[in-house]
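Right, one structure below, let's go through it.
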Amino acid sequence: MSRELNTSEPNMGEPPRLGFCCTFIPDPDPSHKTLKAAKDAAKLMNLGTVTMAHLERLGPAARFEKLEGVVRHNLAALERQIAWVSGRPPLERLLRMASSVLPGYTHPVAQPLYAQAPMRSLIETGLSRVGERARAGEVRLSMHPGPFCIIASRNPNAQANGIAELEYHAEVMAMLGYGAGWHPHGAHVNIHIGGREPGIEGFRESLSLISESARNLLTVENDESLFGLDAVLRLGDRVPVVLDLHHHWVESRGEYIEPDDPRIRAVIASWRGVRPVSHISVSRETLLPEHDPDALPDFPALSDQGHSWRDLAAHSDLMWNRAVNALVARHLAWSDFEIEAKGKNQASVPLAARIGRDLSRAAA
DNA sequence: CGGCGTCAAGTTTTC
DNA sequence: GAAAACTTGACGCCG
1 MSRELNTSEP
11 NMGEPPRLGF
21 CCTFIPDPDP
31 SHKTLKAAKD
41 AAKLMNLGTV
51 TMAHLERLGP
61 AARFEKLEGV
71 VRHNLAALER
81 QIAWVSGRPP
91 LERLLRMASS
101 VLPGYTHPVA
111 QPLYAQAPMR
121 SLIETGLSRV
131 GERARAGEVR
141 LSMHPGPFCI
151 IASRNPNAQA
161 NGIAELEYHA
171 EVMAMLGYGA
181 GWHPHGAHVN
191 IHIGGREPGI
201 EGFRESLSLI
211 SESARNLLTV
221 ENDESLFGLD
231 AVLRLGDRVP
241 VVLDLHHHWV
251 ESRGEYIEPD
261 DPRIRAVIAS
271 WRGVRPVSHI
281 SVSRETLLPE
291 HDPDALPDFP
301 ALSDQGHSWR
311 DLAAHSDLMW
321 NRAVNALVAR
331 HLAWSDFEIE
341 AKGKNQASVP
351 LAARIGRDLS
361 RAAA
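Sequential numbering of the first sequence, starting at 1, is according to UniProt numbering.
Here's what the structure looks like:
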């Protein structure tokens, strides 16, 4: 099947990648004598934020300074994350960036601050530098706005806010250097459909309300309840589909989809020549302490044992299930992966090490 | 300094 | 009817 996937389209020839999402967790380090030292180390590597309520309580000058300080920190932290990822083996050169780079970008309290020239130039210079660094280090980048980012809603205000939020993510991508063309360098901004109404058809109609650069970066992900893989594939002619294998397992009440499934071909086609990205996670290890790590979790059986739908949907700390990891390794033939584990890099690095070892053994 | 409540935002499901 | 689930900390206040 790898022959069939080896298309002549530009990005399909890219090597496989997998990575963690948003937050870097430093290794336990003996030089961190105290909990505080470990926290400080994490702080350096991760993005921060500021609440709009706090900003609003400050006077004009302090308000600007506070936000500028957070933005400065975030640009530097993002650059450190990307530098770290680019220093990893090629298999690990993928990162989902946190949405909080520019906190409150679409909020009325912060908006006027972002409009000021010194802030603009700080951001443009910083993001352009970060983007260059990502491309030089061959790090594939994505963003995943929160659940508030819906582009089709029955509530016109919610829809307007959601579209503004999507445009914010697209602007960040543009300032990073991913502002033109179809998912340039595999970059993307991934969202869900959102509410039951207006659903898939409302989403399709809303595509005409967003900018071309946002449309060029947009992807849509199957969710665990309302809009499963078949539903989002109905948008595949316009929007690339991000396949979340764990959501699919929950939504289908236990199906593990394999690379030779016809629906995988439809997912690949939706990306139109760009190498797809998929998501993986697994139910919490604390929920299944006795579970055989070499057996795929069985949804109907676990459900019968009294585990609720919601508990099974929650994410584990680490990629503890070797059968699920083997499934990821098979899907890496056609897709990159974002590892949605609470342990972040502490989960993705060992997973990549095991998969990388298996890949090189298979090649030998 | 630790604990707790609050903080921009939407929608659904479950207790 | 409140809380939890998706991205998660930051901040002020109280003891």
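Glycine included, every Cβ here is placed at the ideal spot set by N, Cα and C. None of these values were measured; they are calculated from a predicted model.
Counting of Cβ neighbours within 10 angstroms places A187 among the buried residues, the total reaching 16 or more. Contact between K342 and F24 is absent: CB atoms are separated by about 13 Å, not below the 8 Å threshold. Taking C-beta separations shorter than 6 Å and ignoring five residues to either side along the sequence, the partners of F203 in its chain run A152 and I193, following chain order. For D244, the three-state secondary structure derived from DSSP is strand. Remark: C-beta atoms of D244 and H291 do not approach each other more closely than 8 Å. Going by DSSP, V282 is part of no beta strand (DSSP E) at all; its letter is neither H nor E. Looking at R310, E258 and S360, the one whose alpha-carbon comes closest to that of V328 is E258. When the Cα atoms are used, V50 and A301 turn out to be separated by approximately 44 Å. Taking 8 Å as the cut-off, the beta carbon of A353 is found no closer than this to the beta carbon of L18. In the structure shown, the three-state DSSP call for V277 is strand. Listed in chain order, the non-local C-beta contacts of M319 below 7 Å within the same chain comprise V282, N325, I339, A341, A347 and L351, local neighbours out to five positions each way being set aside. The DSSP assignment places complete alpha helix (DSSP H) segments of no fewer than 4 residues inside the stretch 169 to 244 at 199 to 206, 212 to 217 and 229 to 233, in order along the chain.
The C-alpha of M173 lies about 22 Å from the C-alpha of G236.
Distance check between S100 and each of H144, L113 and R133 places H144 closest, using alpha-carbon atoms only. Rounded to the nearest whole angstrom, the CA to CA distance from I82 to P108 is 30 Å.
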